[in-house]
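In our numbering, the protein residues as written are 185 to 536.
Encoded structure:
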């Protein structure tokens, strides 16, 4: 199992050192999220501080940003990291698009497919000087002048990862992207019965081997040096399950387990502003559906039980006081869990 670690995105001065430490500890990837902070800037510091580790947004919210803007940010991080950057994109849900970002909510899966196609058309324009002429239903790009064309990268095509929860976005990811970033709000049964059949069918239709398509996430990991630390991590995850479970767009996961009433109840509590009471609705049995939890010495086995045979990359978090040898031992153990991904197929291909 590949290991991804996060960045202290709230403190740019700490990002370089954190990235360097994660790389030295043996992590495969470093990811920057978009919650309260921009996801791109911290990765610039990480790129300059590392040599090997993959760098990714996990994820950048797509629709409030033009594909041209994201293409520029991707190109710079790709070039300055020596081709280690993965642009992770997500749609967010309707309410956040319309009410937090003030952008229209239109056919998100189809629109995201065009977003990925547009990015690659822009990249080809910059790398090979091809005429920019992308015309879709949702996006159109037909102008690029030398003044606004960045230097050629001389690197493989930047990989695109797409966040997905439901079947439509999962299908789009498997059909067009290089990787899918599955939401933490997922259970093993949901992956086996809903997610993986869609991915396998689309990859087969595309002619893309599973070994060239990375699957990240699909659940939570709660760990720490002792049981008390695991309990603390699990309580934070309990709240996140309640938070995500209150969103109707994610209801299908609860439905699969006969927990539809729980989703309805959480949604009603969120509408009433009872956020602080919602975590108590998540029982330990529900928590364990979503979470691999164990102290450090047993977390590799817990990760294999929860994710083994399905996903390729799991996110780990450590405590500030953990010794380097502890982090390295845990990462090494998790990395021994088998996975299928072997590398992206991102060589440039001739246009049709």
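Glycine included, each C-beta is placed from N, C-alpha and C at the ideal position.
CB-CB length for residue i against residue j, believed under 8 Å
| i | j | result |
| --- | --- | --- |
| residue 155 | residue 215 | No answer is possible for residue 155: the residues shown for the chain start at 185 and end at 536. |
| residue 426 | residue 462 | 4 Å |
| residue 362 | residue 344 | 5 Å |
| residue 352 | residue 293 | 4 Å |
| residue 396 | residue 528 | 6 Å |
Contacting residues, own chain, Cβ-Cβ under 6 Å from residue i (five flanking each side not counted)
| i | result |
| --- | --- |
| residue 289 | 278, 281 and 282 |
| residue 224 | 257 |
| residue 610 | The first residue shown for the chain is 185 and the last is 536, placing residue 610 beyond what the model contains. |
| residue 406 | 414, 417, 418, 421, 475 and 477 |
Closest residue to residue i among the options (Cα-Cα distance)
| i | options | result |
| --- | --- | --- |
| residue 441 | 372, 509 and 494 | 372 |
| residue 423 | 467, 435 and 438 | 467 |
| residue 477 | 452, 403, 523 and 270 | 403 |
| residue 421 | 204, 262 and 470 | 470 |
| residue 338 | 265, 518 and 286 | 265 |
| residue 276 | 396, 416, 434 and 400 | 434 |
| residue 364 | 389, 378, 342 and 401 | 401 |
| residue 260 | 246, 195, 341 and 411 | 341 |
| residue 291 | 332, 330 and 247 | 247 |
| residue 244 | 533, 523, 346 and 287 | 346 |
| residue 268 | 228, 490, 254 and 487 | 228 |
| residue 242 | 263, 272 and 219 | 272 |
| residue 531 | 230, 304, 234 and 240 | 304 |
| residue 296 | 369, 274, 284 and 286 | 274 |
| residue 393 | 359, 412, 367 and 368 | 359 |
| residue 301 | 368, 321, 485 and 482 | 321 |
| residue 583 | 354, 234, 335 and 489 | Nothing can be reported for residue 583, as the shown portion of the chain is limited to 185 through 536. |
| residue 221 | 489, 240, 194 and 208 | 194 |
| residue 390 | 455, 408 and 355 | 355 |
Cβ neighbours of residue i in the same chain (closer than 7 Å, five flanking residues each side left out)
| i | result |
| --- | --- |
| residue 328 | 309 and 316 |
| residue 192 | 198, 199 and 202 |
| residue 206 | 189, 214 and 237 |
| residue 410 | 479 |
| residue 431 | 277 |
| residue 333 | 310 |
| residue 446 | 429, 438 and 465 |
Close beta carbons around residue i, own chain, < 8 Å, minus the five adjacent residues each side
| i | result |
| --- | --- |
| residue 516 | 210 |
| residue 444 | 435 and 438 |
| residue 326 | 316, 317, 318 and 319 |
| residue 377 | 440 |
| residue 212 | 186, 187, 188, 237, 238, 497 and 519 |
| residue 487 | 185, 405, 476, 498, 518 and 521 |
Which parts of the segment 387 to 451 are runs of the alpha helix (DSSP H), unbroken and 4 residues or longer, counting only runs that do not cross its ends? 411 to 429 and 435 to 440
Please list the segments of the alpha helix (DSSP H) lying wholly inside the segment 241 to 284, counting only runs of 4 or more residues, in order along the chain. 251 to 264
Quick one: which unbroken beta strand (DSSP E) runs of 3-plus residues sit fully inside the segment 504 to 529? Chain order, please. none
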